[in-house]
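Everything below concerns the one structure shown next.
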Amino acid sequence: MIYPRWLQELSRADFLESVGLYVMPDRLFLVRMRKSLFRLSVAEEESREIPLMENAAQRRQALSEAIRSLLPHFDPARDPLYICLSPEQVIGLQLFLPRAAEENLPQVLEYEIERHLPFRRGDIYYDFLVTEKTGDKIGVFLFAVPKKSLDDILGSLSSFGIRPKGVETTTTALSNYLLFCASGLRGPALVLGGQNQSWEIIGLNVRGNGWRQEQEVLYSYWLPQTEWIQGLGRAIFQSFPHDATKFFGWGYISDFLSSLEAESLQFDDLLALGRERLGKDKGVAHSFYLPAVGAALRGLREASFSVNLLPGAREEAQGRTFSWLNTCLAVLLLIGLIVWGGSYPVKDEIRLRQLQKENQKLAPSVEALRKEEEALNRLRKEISFLSGLKERRGEIFLVLDELSRIVPNNAYLSNLRYREGNVELQGNAENASNLVPLLERSPVFENVGFNAPSNRGRDNRETFSLKAELERPEKKGAKP
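Residue numbers (my numbering): 434 to 913.
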């Protein structure tokens, strides 16, 4: 039975926020995404460099500092965080086991894992995906990460109270991103690209099956750039059926195709697909953010593959098979409540936007009033100054009159300053020291002295800087 597409989308309708963090050895890429019913958008995207250091403690410190700088861009207490590790930090391996082991795959892998990986079982975290079934064999794609490597990342996050919800690799993150952006994809597909002098190929197969689609990760190859060029990667790439496969590129896709002499290969850009799917108001800035977007899709319930390398994550994930049904019922109930009681949040949002528009209209008037108030305050200060000057003008005239009377003709004033009963005089005279007793004998001045030493110039005249105080009426009356 073929179900309408809108009914499938209705089952995933929700209001959610999620954060994806793509962790590379030398850089972090963070994306915060928002889901509003059916619409997904990118709310924040940030990147931080991590200095490469040989000392483990210094590297953990650098990682913690990079995470600290990202804290203002999401809410660790509210936003679920999903981590995507770069391919060089994770081991990916495809195994083929007897179909009789299908019912007990976790237990079988417990015994088989040390035979295929160069690590002890207790030194790694791992998870797996079931792939194709052929004959009496079942394919299993195994993902493993050394505990020490992941524990350093988890320890840095826990120091800020952050407990991630999931850890995966680019194989599943980019596959989820592709299946989200190209929702109508059917048949085999290849994701090509990479970064940091290493490239990756991910093979997918999508089959439609009514309500649910069947997606498989067929293979995933990650190799350094030199190995792709020297022949091993070239042989892997040429073994794929190019005619029946759809190609999707990201990262350094041009360099990748050039090294394999396949520049004429037609491919769809994953970055362009994401911008169309997520909306053009704020799309993904660079293709290196795509793994972080793919990781964040898990928190928005838009992921097709679920791999989690966190310890104990598989046990926590049990019992969620019918979560889509609960979500669908909650959405239907919400629609009924909206019809019955009205959309209060929408009304509040409309009122808020109306108030914001009114505030924007009033902003120029408020700014003009603020400027007028500042001008009025300046005028008041000027009026206060002029009023005080008017009250003191009798003292100023007294000072000028007394100086013109007692200063000898061979002395010249170049600067006169009066302020609150204090007089400062600068100028030159034949003998500056004679001015002090002249001013002291005056009934107007007292406490006469030099501000600075006198200097005699080439013209045999001394420069002087004197200060004096005005005698107050009460002091004048006290003299015999």
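We put the beta carbon where it would ideally sit given N, CA and C, even for glycine.
CB-CB length for residue i against residue j, believed under 8 Å
i, j, result
"glycine 626", "tryptophan 661", "Not quite, the Cβ-Cβ distance comes to about 12 Å (not below 8 Å), so this is no contact."
"leucine 704", "serine 720", "5 Å"
"aspartate 459", "leucine 485", "5 Å"
"aspartate 447", "arginine 734", "6 Å"
"serine 898", "asparagine 884", "4 Å"
"asparagine 609", "phenylalanine 471", "The Cβ separation is near 18 Å, so there is no contact."
Own chain partners of residue i with C-beta closer than 6 Å, once the 5 adjacent residues on each side are dropped
i, result
"glutamate 873", "Val881"
"arginine 850", "Glu857"
"serine 591", "none"
"arginine 445", "Arg734"
"lysine 679", "Ala622"
"arginine 667", "Leu693"
Limits of the beta strand (DSSP E) - the one that residue i falls within
i, result
"alanine 885", "878-889"
"phenylalanine 897", "895-903"
"glutamate 857", "855-862"
"asparagine 848", "845-852"
Candidates the options: closest to residue i by CA position
i, options, result
"asparagine 864", "Pro841, Leu742 and Arg460", "Pro841"
"glutamate 904", "Phe897, Arg891 and Val877", "Val877"
"leucine 538", "Asp560, Val523, Leu770 and Gly525", "Asp560"
"leucine 528", "Val573, Phe681, Val624 and Glu498", "Val573"
"threonine 605", "Gly588, Leu562 and Val578", "Leu562"
"glutamate 709", "Cys614, Pro778, Asn861 and Ser692", "Cys614"
"aspartate 556", "Ile546, Glu521 and Thr564", "Ile546"
"glycine 707", "Val456, Met466, Ser653 and Leu449", "Met466"
"glutamate 543", "Arg554, Glu535, Ala533 and Leu550", "Arg554"
Residues near residue i in its chain [Cβ-Cβ closer than 8 Å; skip 5 each side]
i, result
"glutamine 751", "Caution is warranted here: a pLDDT of 42 is assigned to glutamine 751, below 50, making its placement in the model unreliable, and no coordinate value can be reported."
"proline 531", "Asp569, Lys570 and Ile571"
Unbroken alpha helix (DSSP H) run spanning residue i, endpoints
i, result
"tyrosine 544", "538-549"
"leucine 496", "489-503"
"glycine 588", "580-591"
"glycine 666", "665-671"
"phenylalanine 689", "686-692"
"glutamate 709", "703-711"
"valine 840", "Premise fails: valine 840 is in no alpha helix (DSSP H) and is neither H nor E."
"arginine 874", "868-874"
Cutoff 7 Å; reference residue i; Cβ partners in own chain excluding five residues on either side
i, result
"phenylalanine 755", "Low confidence applies here, because phenylalanine 755 scores a pLDDT of 42, under 50, leaving its location unreliable and the question unanswered by this model."
"proline 657", "Gln630 and Ser631"
"leucine 698", "Phe680 and Leu690"
"valine 600", "Ile516, Leu518, Leu583, Asn741, Leu742 and Leu743"
"glutamate 479", "Leu463, Leu503 and His506"
Residues bridged to residue i (per DSSP)
i, result
"lysine 468", "Leu449 and Leu473"
"lysine 570", "Pro531 and Thr567"
"glycine 636", "Leu623 and Tyr652"
"tyrosine 722", "None; tyrosine 722 has no bridge partner."
"methionine 457", "Arg460"
"threonine 602", "Leu518"
"glutamine 628", "Ser631"
"leucine 562", "Phe574"
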